[in-house]
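Engineer: Before anything else, here's the structure in question.
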Amino acid sequence: MSIQPFVNTKILIVEEQPLALSYMKRSLEQLSFRDIQLAESSTVAKEQCKTHSFELIICSFDLTNGQDGYQLYEELKHKKLIKKTTAFIFVSAETSPTVVHSILELTPDEFLVKPFSIKELKMRIDRVLKRKHALKSIYAFIDDGNDSKALKLIDADLDKQNHAYSPILLKLKGEILLRLKRTDDAKHFYKSALELQKFTWAKIGLIETLIINNEDTLAQRMLASMIEHPETRLVALNLLGKLEVKLNLLEQAQQRLKEASSIAPRNISRQKSLGRIASLNHDYESNYNAMKEIALYAKNSIHDGPDVYLNAVRAGIDFALTTDQSEQIQRVTRQSQQYLGDLKKQFPDASNQAQIDVLHARIHYLKDESKKARQLIEQLDDEPAIHSVDAALDKAKAFHELGFQNKAQHLFTQIIEHCKHHKQVSDPITMRYIEQQQQERRDITMGPKELNNHAVNQFKRGQLEVAMEAFTQAFRIMPRNTSIALNLLQCMLDHTGKSGGTFNSTLAKKCYQTLSIIPLDAEQHERFAKLISHIQELGLSLD
Numbered sequence: 001m002s003i004q005p006f007v008n009t010k011i012l013i014v015e016e017q018p019l020a021l022s023y024m025k026r027s028l029e030q031l032s033f034r035d036i037q038l039a040e041s042s043t044v045a046k047e048q049c050k051t052h053s054f055e056l057i058i059c060s061f062d063l064t065n066g067q068d069g070y071q072l073y074e075e076l077k078h079k080k081l082i083k084k085t086t087a088f089i090f091v092s093a094e095t096s097p098t099v100v101h102s103i104l105e106l107t108p109d110e111f112l113v114k115p116f117s118i119k120e121l122k123m124r125i126d127r128v129l130k131r132k133h134a135l136k137s138i139y140a141f142i143d144d145g146n147d148s149k150a151l152k153l154i155d156a157d158l159d160k161q162n163h164a165y166s167p168i169l170l171k172l173k174g175e176i177l178l179r180l181k182r183t184d185d186a187k188h189f190y191k192s193a194l195e196l197q198k199f200t201w202a203k204i205g206l207i208e209t210l211i212i213n214n215e216d217t218l219a220q221r222m223l224a225s226m227i228e229h230p231e232t233r234l235v236a237l238n239l240l241g242k243l244e245v246k247l248n249l250l251e252q253a254q255q256r257l258k259e260a261s262s263i264a265p266r267n268i269s270r271q272k273s274l275g276r277i278a279s280l281n282h283d284y285e286s287n288y289n290a291m292k293e294i295a296l297y298a299k300n301s302i303h304d305g306p307d308v309y310l311n312a313v314r315a316g317i318d319f320a321l322t323t324d325q326s327e328q329i330q331r332v333t334r335q336s337q338q339y340l341g342d343l344k345k346q347f348p349d350a351s352n353q354a355q356i357d358v359l360h361a362r363i364h365y366l367k368d369e370s371k372k373a374r375q376l377i378e379q380l381d382d383e384p385a386i387h388s389v390d391a392a393l394d395k396a397k398a399f400h401e402l403g404f405q406n407k408a409q410h411l412f413t414q415i416i417e418h419c420k421h422h423k424q425v426s427d428p429i430t431m432r433y434i435e436q437q438q439q440e441r442r443d444i445t446m447g448p449k450e451l452n453n454h455a456v457n458q459f460k461r462g463q464l465e466v467a468m469e470a471f472t473q474a475f476r477i478m479p480r481n482t483s484i485a486l487n488l489l490q491c492m493l494d495h496t497g498k499s500g501g502t503f504n505s506t507l508a509k510k511c512y513q514t515l516s517i518i519p520l521d522a523e524q525h526e527r528f529a530k531l532i533s534h535i536q537e538l539g540l541s542l543d
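Per full-length UniProt numbering, numbering of the sequence shown is gapless, rising by one per residue and ending at 543.
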């Protein structure tokens, strides 16, 4: 292959290391390229892209001054500073699995590992520029949002025998059919493509079509096969999580998204979905971990903003309120203060003091400083308009925890109505979570700390009926709290043995599942073993 036809290609090199930048420029010059621009940071690169239309960008992933390469490419695509007609090649010295998977999810044209030879660089540039040149008209129509015209060009090219880029044309056609919502055509097309060759993209496209068409069993069967192979595991986990949300299998969906996020943790959208589903599952620790990941990877990116830090603190408080581990509570409290400090440094002019006051009130409540918390929350104005669903939801929780039940319920209702009239601010999972929170806090008037303390006190007094009701309520909103699960199981056994009450095997099984899945300390493990032995002695069942 000759690079000669492309020597006038307008190229941008993004590299902050002077030696690496010099080597790349010299290599391109040796390959006879003439129009080469340099950017030593992401900031300079963005300015260059605003004023020039580059045909090829070679970008280092390992940028450290401001945005890294991942964040730069994500922003360039989001703001349409580069188009599908632009060739983009990532180069990276880091090849850890999480980095590689994260980069590949962004779908650059090429990924080149440092160090590399001029020969290898030439081969990659040749390949991508020939492809971009051959498909330039099609990419231009896609960039302009004219999928119908792009589809006509694709069909015309596919009619030609032995087209050099037939697999790419086929892939583009499937994507366009899905964007145009021609699902029946897409399903037939993907099946036909798979008969030609077992293209991975065709399997993925067919599964997406099956999910849209509610052919869930077949989609699950195909995903079960794909999830076993390392090269398709990430995309299969994503699709399976999406399908299981649709089927209301939220525990399974959470596990899929959690595993996908561990493979490629920089996908902010997936982390947000994981956090929302974890909250709906009352797994506040997983939600907190997801919000921490977002705070880590969002910095300097298009996702960065005050809400990143505020949501991390909110998630931390929710988690701390549902655990009785003092070390965890102290750690979360310290981290929350750190996030609030980072917020003030990053966004000193942001108008979010009311939201911060709500968080401080909840932190006071967490630290058993209810008087300070009530004084702080009472000073806040009752805003008639909802500007942030997350902020309003946090305020409703604070009202409930501090005993302002009517205010809490009224605000929950306002939030739900707001979401119904502004569907763009929430998704179905978020709506379900808000409705769940309103219902639970309507049924259970105590805050989580008071509820658990009340249950323990009633149990110690021998008031087993009252204690069991309180522990059951506490377990409903804190189903991953091992102390509550142990106390509830103990209370159920004592109530059955001493009072002749009916043993609720379904509820006991849920306690057993929590205590079997979540790690226990030595004392809890010993207590759990004794409870299981007692259940067996009484001839009771956990089935």
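Yeah, the Cβ is synthetic: ideal placement off N, Cα and C, and Gly gets one too.
If you're wondering where the values come from, they're calculated on a predicted model, not measured in any experiment.
As a quick exercise: from P348, K372, Q346, pick the residue whose alpha carbon is nearest that of V358.
Structural biologist: It is K372.
Engineer: Is it true that the CB of I386 sits closer than 8 Å to the CB of I415?
Structural biologist: In this structure, I386 lies closer than 8 Å to I415 by Cβ.
Engineer: Terminal residues of the continuous beta strand (DSSP E) containing K10?
Structural biologist: Note, K10: beta strand (DSSP E), 10 to 14.
Engineer: Please report the distance separating the alpha-carbon of Q524 from that of L488.
Structural biologist: For Q524 and L488, the distance between alpha carbons rounds to 13 Å.
Engineer: Below 8 Å between beta carbons: does that hold for Y284 and F319?
Structural biologist: Yes; because the gap between Cβ atoms is below 8 Å, this pair is in contact.
Engineer: In the structure shown, what three-state DSSP assignment does S92 receive?
Structural biologist: Here S92 sits in strand by DSSP.
Engineer: Specify whether the region 438 to 449 and the region 400 to 419 touch according to this definition: at least 3 beta carbon pairs, one from each stretch, less than 8 Å apart.
Structural biologist: A contact exists between the region 438 to 449 and the region 400 to 419.
Engineer: What are the complete alpha helix (DSSP H) segments, minimum 4 residues, inside the region 159 to 235?
Structural biologist: For the region 159 to 235, whole alpha helix (DSSP H) runs of length 4 or above, ordered along the chain, are 166 to 179, 183 to 196, 200 to 212, 216 to 226.
Engineer: Run through the DSSP bridge pairs and tell me what Q37 is partnered with.
Structural biologist: Q37 pairs with L12.
Engineer: Per DSSP, V245 is paired with what?
Structural biologist: DSSP output for V245 lists no bridge partner at all.
Engineer: Run the CB neighbour count on G341, radius 10 Å, all protein chains shown included, and call it buried at 16 or more, exposed below.
Structural biologist: The residue in question, G341, is exposed, as its Cβ has fewer than 16 Cβ neighbours within 10 Å.
Engineer: Looking only at its chain, what residues have a beta carbon closer than 6 Å to the beta carbon of Y288, apart from the 5 residues adjacent to it on each side?
Structural biologist: Result list for Y288: A315, G316, F319, in chain order.
Engineer: Terminal residues of the continuous beta strand (DSSP E) containing L56?
Structural biologist: L56 -> beta strand (DSSP E) spans 56 to 60.
Engineer: Buried or exposed, going by whether 16 or more other CB atoms sit within 10 Å of the CB of T482?
Structural biologist: Under this definition T482 is a buried residue.
Engineer: Starting from E469, trace the alpha helix (DSSP H) both ways and give me its first and last residue.
Structural biologist: Counting along the chain, the alpha helix (DSSP H) containing E469 begins and ends at 464 to 477.
Engineer: Residues in its own chain within less than 7 Å of V113 by CB, not counting five upstream and five downstream?
Structural biologist: S92, T95.
Engineer: Among S166, E244, M24, I517, which one has its Cα closest to the Cα of K119?
Structural biologist: Cα-wise, what sits closest to K119 is M24.
Engineer: So the candidates are E378, L206, G69, S117; which of them puts its Cα closest to the Cα of K187?
Structural biologist: Selected option, being the one with the closest Cα: L206.
Engineer: Across which residues does DSSP place V113 in a beta bridge pair?
Structural biologist: DSSP lists S92 as partners of V113.
Engineer: May I ask which residues mark the beginning and end of the alpha helix (DSSP H) holding T514?
Structural biologist: Residues 505 to 517.
Engineer: Kindly identify the DSSP beta-bridge partner or partners of A298.
Structural biologist: A298 pairs with nothing; no bridge assigned.
Engineer: So the candidates are K242, R221, T200; which of them puts its Cα closest to the Cα of P230?
Structural biologist: For the residues K242, R221, T200, the minimum Cα distance to P230 belongs to T200.
Engineer: Please confirm if the region 207 to 220 is in contact with the region 160 to 171, defined as three or more CB-CB distances below 8 Å between the two stretches.
Structural biologist: The answer is no - the region 160 to 171 does not touch the region 207 to 220, with fewer than three Cβ pairs under 8 Å.
Engineer: Just the C-alpha distance for residue 550 and G539, rounded to the nearest angstrom, thanks.
Structural biologist: Coverage of the chain is limited to positions 1 through 543, which leaves residue 550 absent and any answer about it impossible.
Engineer: Roughly how many whole angstroms lie between the Cα atoms of T9 and Q161?
Structural biologist: Cα to Cα, T9 sits roughly 29 Å from Q161.
Engineer: Helix, strand or coil for M1, going by three-state DSSP, please let me know.
Structural biologist: For M1, the pLDDT reaches just 43, beneath the cut-off of 50, and the residue's location in the model is therefore unreliable, although a value from the coordinates is still provided. M1 falls in the coil class under three-state DSSP.
Engineer: With distances taken Cα to Cα, identify the nearest neighbour of S336 among S351, Q463, I363, I517.
Structural biologist: Looking at the Cα atoms, I363 is the closest of the given residues.
Engineer: To the nearest angstrom, report how far apart H410 and L493 are at their CA atoms.
Structural biologist: Between H410 and L493, the C-alpha separation is close to 39 Å.
Engineer: Are there 16 or more other CB atoms within 10 angstroms of the CB of G145, so buried, or fewer, so exposed?
Structural biologist: With fewer than 16 Cβ atoms within 10 Å of its Cβ, G145 is classed as exposed.
Engineer: Give me the residue from D521, H303, D394, A455 with the minimum Cα distance to H78.
Structural biologist: H78 has its Cα closest to that of H303, out of D521, H303, D394, A455.
Engineer: DSSP three-state label for A87, please.
Structural biologist: In the structure shown, A87 sits in a strand (DSSP, three-state: E or B).
Engineer: Can you find the residues in the same chain that come closer than 6 Å, C-beta to C-beta, to K510, ignoring five residues on each side of it along the sequence?
Structural biologist: No residues qualify anywhere along the chain.
Engineer: Using a Cβ-Cβ cut-off of 6 Å (strictly less than) and excluding sequence neighbours within five positions of A361, which residues of its own chain qualify?
Structural biologist: Correct list, in chain order: A373, L376, I377, A398.
Engineer: I think Y73 touches F54, with their Cβ atoms under 8 Å apart; what is that distance to the nearest whole Å?
Structural biologist: Incorrect: roughly 13 Å between the Cβ atoms, too far for contact.
Engineer: Hey, quick one: how far does the alpha helix (DSSP H) through D342 stretch, first residue to last?
Structural biologist: Element bounds for D342: 326 to 346.
Engineer: Take every Cβ of the region 256 to 267, pair it with every Cβ of the region 226 to 242, and state whether three or more of those distances are shorter than 8 Å.
Structural biologist: Touching, yes.
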